[in-house]
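Residue numbers (the working numbering): -7 to 188. Glycine is no exception: its CB is placed at the ideal position from the N, C-alpha and C atoms.
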């Protein structure tokens, strides 16, 4: 099974592009969504996160996202310890999911493919990019946050130009209709590469 990675910075519109690939019949796995689900479901992850962050990591038996975000926001060491707990579980969940798929290829969305040097896990990589002002506005609208907070996240992510250099395909998502047309072209190219 061909696995295509899809990545891009915060507010680039990865989810929108993924939804469009779904309409083309491509199974989609969103690592971040599955990670959050596993953090709530898995007793092992829960126990390890409480050991790491304390009892406040969970509130009413649900992941306390604001608390965890505040803890890892400027603490790379804590972030990597949390990732070391969660990522292996997500990886094995993805393998099980992959076995159940029946398509020419699947897309696995992960925001930090290049940051974590995971590009060798994919046959092809699509990077979604958009103008920074637009990205900031999208995240402000989506998360009811501030431009400063969004900019600090962008600062912690690899520059789009760096991601583009390492990608097989790029979708510029400043205009939705145009981005959809680009997605169709990418889809066709991937199918061609698989068949050849």
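The segment 139 to 158 makes no contact with the segment 24 to 38: fewer than 3 CB pairs, one atom from each, lie closer than 8 Å. Annotation: the continuous alpha helix (DSSP H) that includes residue 155 extends over 152 to 158. Per DSSP, residue 119 lies in no alpha helix (DSSP H) segment; the continuous beta strand (DSSP E) that holds it begins and ends at 116 to 121. In the DSSP assignment, residue 147 falls within the unbroken alpha helix (DSSP H) covering 139 to 148. Of the residues assessed, residue 55 falls on the buried side of the cut-off, its CB having 16 or more other CB atoms within 10 angstroms. Contact between the segment 113 to 125 and the segment 0 to 11 is present: 3 or more CB-CB pairs across the two stretches fall below 8 Å.
Selection 29, 117 and 182 evaluated against residue 106 yields 117 as nearest (Cα-Cα). In this structure, the straight-line span from the alpha carbon of residue 64 to that of residue 77 is close to 14 Å.
No Cβ-Cβ contact shorter than 8 Å links residue 14 with residue 101.
Per DSSP, residue 161 is one residue of the beta strand (DSSP E) stretching across 161 to 164. Between the alpha carbons of residue 174 and residue 4 lies a distance of about 14 Å. Note on geometry: alpha-carbon atoms of residue 87 and residue 182 lie some 21 Å from one another. Residue 92 carries a coil assignment under DSSP once its states are collapsed to helix, strand and coil. Per DSSP, residue 105 lies in no beta strand (DSSP E) and is assigned neither H nor E. Under DSSP, the beta-bridge partners assigned to residue 51 are 54. By DSSP's assignment, residue -2 forms a beta bridge with 101 and 118.
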